[in-house]
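Undergrad: Quick note on numbering: the numbering used here labels position 516 of the sequence shown as 507, and the sequence is numbered without any gaps. We put the beta carbon where it would ideally sit given N, CA and C, even for glycine. Given the structure is predicted, the values throughout are model-derived calculations rather than measurements.
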Amino acid sequence: MTAPNTLFEVENERELPKPVSVPATLFADIVFDRPLDHAYTYAVPESLTAKIGVGKRVEVPFGKGGKGTAGFCVRVTDVQPTSGYEIKTVTRVLDDDAIVDEHLMKLTRWMADYYLCGWGQVLHAVVPAGVRDNAGTRVASFVEPLPKEKLPNPLPTVTPQQKAALDKLKKENRPLEVLQLARLAKCTTGVVAGLIKKGLVRKFSERIETPAAMPDAETEDQSTSAPHVEIALNADQLRVWEPLKNALETGGYHPFLLHGVTGSGKTEVYLRAIEEVVKQGKEVIVLVPEISLTPQTISRFKGRCGNLAVLHSHLTDAERGGYWRRVATGHIQVVVGARSAVFAPTRKLGLIVIDEEHENSFKQESTPRYHARDVAVMRARLEGIPILMGSATPSLESWANAERGNYTVLSMPNRVASRPLPAVKLVDLRHEPKTPGKHYAIGPTLESAMRKTLKEKGQIILLLNRRGFSTHVHCEACGHVAQCAHCDLAMTFHRTKNSLMCHYCGFETAPFQKCPACSQLAMRYQGLGTEKLQVEIEEKFPGNVCQRMDSDTMSKPGSHQRVLDAFRDGLIQILVGTQMIAKGLDFPNVTLVGVVNADVGLHLPDFRSAERTFQLLAQVAGRAGRGEKGGQVLVQTFTPDHPCITLASHHNYGEFAKLELVHRKQHKYPPYERLARLIVRSEKEEAAATFADTLAGTFKEAMKRATTAQGHTPVRLLGPAECPVFRLNNFYRFHFQIQSDSSAVLHEVLRNVLTLAKPPSGVEFQVDIDPYSML
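Right under this line is the structure:
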């Protein structure tokens, strides 16, 4: 093995180098699921030279003791390393065919460099477990007749049963499984074994799919679907379709940002583009936020896009593996899924579509901490294809790219059928009349509008981006707050489960009958979540069906679809939920949308809080007024003068982006400077604090190396400081924030730090490039 150049940690299991000579003609570079920035070189024995290949997994001895470890082959060469280190030998090749093609190899190499993690870590994350474990497959034994020139001479005598089996096999004119032939010929497997022994048939083994790996309910062939009714494009759609169509016909890298207001018909533009690419015999990847993958959008895709694969969080490993193999063999033309679908192993990719490109769910919060939108743009660039990103509220990063000329903006400022955007009214909760006694979440203005809507047979959507019943439990006697045993966070009471829960680590405990600090019976349950809101609605509006949609109620497969189908059919009058109900839903009978508390999330210590609040309000407002009845939106807020709330009420994305970008530029935040976050964590507070201080010195040294010729360091470092959530899942956390107007300089500093910094046992640190969570 060649000596590793470690990225995050010293590979403490490796053996000391021992110079040896290896009689081999081929050598393979192998990367592992480890935070290392260096491949290890192994000799390929003669018995494996025909099997080894880039993109295949191999088993090799690794670390102290030479434990058999799986890794990915990233290079094969006939040049022997001259490092003088011991070169071990590949034990076996685990895959018959490469499971990562050259396009994904280039993409994952870029990801490892950009997100500062090991190439092997990226490859391990990109290839689903169902593919790595061959889930949904089995090795089957087949037989086929031998050609005449290979038959024994003279021909051996066969029994009547053997002759019948041989005739059946020849009649089928294809290989059959041994058991299948025995069943068709109505004989035992011993009869087939006799034919093999006499040299009349050839037996071979092959890995095949099992029924568990073929979720046909999620795959639809265009030929079996209902006939598609051609939809005439309106003026806005035609205007954006022309440059998009030209790009699809000419090919090449063309990034488009489709900015269309809610209800403007962006999905139809996606579908036209997909159909055009499928006609060319190419494949399409469509990324959508998880949100159950927006069932309405998926239903429109089916039947218009050839063979369609829908990847979602409820798939089994066998189903994921089955889809991966079917995509790789060209049996699927369109892959629809959340962020991991960007790695689909398409053979001839022609287009990538990203719906709701601004969504935070496209950011992966574990290694590799990639953003699917940015990875998709890089994949489109590497493969030389168009990419279409759509949103009513684009991310400021994408909007700035469009202003710089990096993306082409396609604008759709009007709704389909010239329907007006709904009127939005801000309800100032500071001046709403207070109800004597019990506090209610729904103020008089919103309640009156709801009663009017229900009387007119309209439907209502209410947004509250907090789940649970009571979000704050404290003792009135001593002030003790019910806090998670593992995190510096307040517990949320869930009445249905009758438990206190931490929404970060999942810790649960029974509700307190008395204060655990002072033993007084003075526990008070306050705060508002969707569960409590549903109870209030059922009390105020009896006789109307209210359904809640949040992660507590939508955990079972198909639950989103069942609720939305019932809502569409008018069986549910009021739909209450968190942000999952804010996007992608199109119900013409929804004439009122209410935002119960617009300020949730606005005052978090996160520079993106205003952007997220604007996007959420604008998106949920867009659910109203999609039918002939029109609609209205009521937004309850304590800060009606905040620009993000005021401008969202006027559907004015352009003005909001202009103001917010000025603010970002003043404070040197993205998209004007690149940002990285480094977190140090340990279960021992003192150990984390000590290493954070040590790391601060390492940063100063690394920044000196990056000093420019002008004599200044183009990097700003903040920290170390306690994270806003200091203790999380039993880990005490300190963080650094690093900013620079040069991505290259930022990466240079971080690489220097990661090379120099060696955390002690029990201390970890993580690097997040382009972070989305600042807590």
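Could you spell out the range, first to last residue, of the beta strand (DSSP E) harbouring residue 270?
TA: Walking along the sequence shown from the start, residue 270 turns up at place 279. Residue 270 -> not in any beta strand (DSSP E); alpha helix (DSSP H) instead, spanning 257 to 270.
Undergrad: Can you check DSSP and say which residues form a bridge with residue 515?
TA: By one-based count along the sequence shown, residue 515 stands at place 524. Per DSSP, the beta-bridge partners of residue 515 are 465.
Undergrad: Between the alpha carbons of residue 836 and residue 766, how many angstroms are there, rounded?
TA: Given that the chain is displayed from residue -8 to residue 766, the structure contains no residue 836 and the question cannot be resolved.
Undergrad: Rounded to whole angstroms, what is the Cα-Cα separation between residue 202 and residue 328?
TA: As a position in the sequence shown, residue 202 is number 211, starting the count at 1. As a position in the sequence shown, residue 328 is number 337, starting the count at 1. Those two C-alpha atoms are separated by around 22 Å.
Undergrad: If I'm right that residue 383 touches residue 610 with Cβ under 8 Å, what's the distance once you round it to whole angstroms?
TA: Here residue 383 corresponds to residue number 392 of the sequence shown, with the count starting at 1. Here residue 610 corresponds to residue number 619 of the sequence shown, with the count starting at 1. Confirmed, about 7 Å.
Undergrad: Could you compute how far the alpha carbon of residue 627 sits from the alpha carbon of residue 583?
TA: Residue mapping note: residue 627 aligns to position 636 of the sequence shown, counting from 1. Residue mapping note: residue 583 aligns to position 592 of the sequence shown, counting from 1. If I take the Cα positions, the gap works out to 13 Å.
Undergrad: Quick one: what's got a C-beta closer than 6 Å to residue 712's C-beta in the same chain, skipping five residues either side?
TA: What you label residue 712 is simply residue 721 of the sequence shown in a count that begins at 1. Excluding sequence neighbours, residue 712 sits near nothing in its chain.
Undergrad: Report yes if the C-beta distance between residue 651 and residue 602 is below 8 Å; otherwise report no.
TA: Translated into positions along the sequence shown, residue 651 becomes position 660. Translated into positions along the sequence shown, residue 602 becomes position 611. The answer is yes: Cβ separation under 8 Å.
Undergrad: Whole angstroms is fine: what's the gap from residue 194's alpha carbon to residue 158's?
TA: Residue numbering aside, residue 194 sits at position 203 when the sequence shown is read from its first letter. Residue numbering aside, residue 158 sits at position 167 when the sequence shown is read from its first letter. Taking the straight line joining both Cα atoms gives about 16 Å.
Undergrad: I think residue 714 touches residue 724, with their Cβ atoms under 8 Å apart; what is that distance to the nearest whole Å?
TA: Here residue 714 is taken as the residue at index 723 of the sequence shown, counted from 1. Here residue 724 is taken as the residue at index 733 of the sequence shown, counted from 1. Residue 714 to residue 724, Cβ: 4 Å. Contact.
Undergrad: Closest to residue 729 by CA distance: which of 272, 738 and 608 is it?
TA: If you number the sequence shown from 1, residue 729 lands on position 738. It is 738.
Undergrad: When DSSP builds the beta bridges, which residues end up paired with residue 728?
TA: Start at 1 with the first residue of the sequence shown, and residue 728 comes out as number 737. For residue 728, which the question treats as bridged, DSSP gives the partners 668 and 709.
Undergrad: Quick one: residues in its chain with C-beta nearer than 6 Å to the C-beta of residue 97, no 5 flanking neighbours on either side, listed in chain order?
TA: As a first step, residue 97 must be located in the sequence shown, where it is residue number 106. Only 373 meet the Cβ criterion.
Undergrad: Give, in chain order, every unbroken run of the alpha helix (DSSP H) that is at least 4 residues long and sits entirely within the stretch 307 to 392.
TA: 308 to 319 and 363 to 374
Undergrad: Answer yes or no: do residue 612 and residue 639 have a C-beta to C-beta separation smaller than 8 Å?
TA: For the purposes of this step, residue 612 is taken as residue 621 along the sequence shown, with counting starting at 1. For the purposes of this step, residue 639 is taken as residue 648 along the sequence shown, with counting starting at 1. Contact: yes.
Undergrad: For residue 752, does the count of other Cβ atoms within 10 angstroms reach 16, so buried, or fall short, so exposed?
TA: Numbered from its first residue, the sequence shown carries residue 752 at position 761. Exposed: under 16 other Cβ atoms inside 10 Å.
Undergrad: Is the Cβ-Cβ distance between residue 306 and residue 326 less than 8 Å?
TA: In the sequence shown, the residue the question calls residue 306 occupies position 315. In the sequence shown, the residue the question calls residue 326 occupies position 335. Taking 8 Å as the Cβ cut-off, residue 306 and residue 326 do not qualify as a contacting pair.
Undergrad: Where in the stretch 106 to 136 do unbroken runs of the beta strand (DSSP E), each at least 3 residues long, occur, reported from the N-terminal end onward?
TA: 128 to 136
Undergrad: If contacts are defined as beta-carbon pairs under 8 Å, then residue 563 and residue 532 qualify, I think. What distance do you get, rounded to the angstrom?
TA: Stepping through the sequence shown from its first residue, residue 563 is reached at position 572. Stepping through the sequence shown from its first residue, residue 532 is reached at position 541. The Cβ separation is near 12 Å, so there is no contact.
Undergrad: Go ahead and label residue 709 buried or exposed: buried means 16 or more other beta carbons lie within 10 angstroms of its beta carbon, across all protein chains shown.
TA: Against the sequence shown, residue 709 aligns to sequence position 718. By the 10 Å Cβ count, residue 709 comes out exposed.
Undergrad: Give the C-beta separation of residue 625 and residue 436 to the nearest angstrom, bearing in mind that I take them to be a contact with Cβ-Cβ under 8 Å.
TA: The count along the sequence shown starts at 1 and reaches residue 625 at position 634. The count along the sequence shown starts at 1 and reaches residue 436 at position 445. Between residue 436 and residue 625 the Cβ distance is about 7 Å, and since that is below 8 Å, they are a contact.
Undergrad: For residue 464 and residue 512, I'd like the C-alpha separation in whole angstroms.
TA: As a position in the sequence shown, residue 464 is number 473, starting the count at 1. As a position in the sequence shown, residue 512 is number 521, starting the count at 1. Straight-line Cα distance between these residues: approximately 13 Å.
Undergrad: With a threshold of 8 Å on Cβ separation, who are the neighbours of residue 747 within its own chain once the five nearest residues in sequence on each side are excluded?
TA: As a first step, residue 747 must be located in the sequence shown, where it is residue number 756. Cβ neighbours of residue 747 beyond the five flanking positions: 689, 692 and 693.
Undergrad: How far does the alpha helix (DSSP H) with residue 48 in it reach, from first residue to last?
TA: Indexing the sequence shown from 1 puts residue 48 at position 57. Here residue 48 belongs to no alpha helix (DSSP H); instead the beta strand (DSSP E) covers 48 to 53.
Undergrad: Could you check what DSSP says for residue 605 in three-state terms: helix, strand or coil?
TA: The residue you call residue 605 lines up with position 614 of the sequence shown. Look at residue 605 here: in three-state DSSP terms it is helix.
Undergrad: If residue 342 sits next to residue 376, beta carbons under 8 Å apart, how far is it from one beta carbon to the other, in whole angstroms?
TA: The residue given as residue 342 occupies position 351 in the sequence shown. The residue given as residue 376 occupies position 385 in the sequence shown. Confirmed, about 6 Å.
Undergrad: So the alpha helix (DSSP H) residue 163 belongs to, where does it begin and stop?
TA: Counting from one through the sequence shown, the residue named residue 163 turns up at place 172. Note, residue 163: alpha helix (DSSP H), 151 to 163.
Undergrad: With 16 as the cutoff for other CB atoms within 10 Å, does residue 64 come out buried or exposed?
TA: Your numbering for residue 64 matches position 73 in the sequence shown. Under this definition residue 64 is a buried residue.
Undergrad: Might you give, ordered along the chain, the residues of its own chain that have their beta carbon closer than 7 Å to the beta carbon of residue 166, omitting 5 neighbours on each side?
TA: Within the sequence shown, residue 166 is the residue found at index 175, counting from 1. Taken in chain order, the residues that qualify are 133, 134 and 135.
Undergrad: Kindly indicate if chain B contains any beta-carbon less than 8 Å away from that of residue 479.
TA: Structure shown: chain B not included; a single protein chain is present.
Undergrad: What residue range does the beta strand (DSSP E) around residue 544 cover?
TA: By one-based count along the sequence shown, residue 544 stands at place 553. Where residue 544 is concerned, there is no enclosing beta strand (DSSP E), given that its DSSP letter is neither H nor E.
Undergrad: Looking at residue 567: is its Cβ nearer than 8 Å to the Cβ of residue 453?
TA: Counting from 1 along the sequence shown, the entry for residue 567 is found at position 576. Counting from 1 along the sequence shown, the entry for residue 453 is found at position 462. Cβ distance < 8 Å, so residue 567 and residue 453 count as in contact.
Undergrad: Between the C-alpha atoms of residue 254 and residue 346, what's the straight-line distance to the nearest angstrom?
TA: Translated into the one-based positions of the sequence shown, residue 254 becomes position 263. Translated into the one-based positions of the sequence shown, residue 346 becomes position 355. Cα-Cα distance, rounded: 13 Å.
Undergrad: Using a Cβ-Cβ cutoff of less than 8 Å, which residues in the same chain neighbour residue 296 once the five nearest sequence positions on both sides are dropped?
TA: Indexing the sequence shown from 1 puts residue 296 at position 305. Taken in chain order, the residues that qualify are 213, 262, 265, 266, 269, 275, 324 and 325.
Undergrad: What is the rounded straight-line gap between the Cα of residue 334 and the Cα of residue 740?
TA: Taking the first residue of the sequence shown as 1, we reach residue 334 at position 343. Taking the first residue of the sequence shown as 1, we reach residue 740 at position 749. Cα to Cα, residue 334 sits roughly 29 Å from residue 740.
Undergrad: Who are residue 755's beta bridge partners in DSSP?
TA: One-based indexing of the sequence shown puts residue 755 at position 764. For residue 755, which the question treats as bridged, DSSP gives the partners 672.
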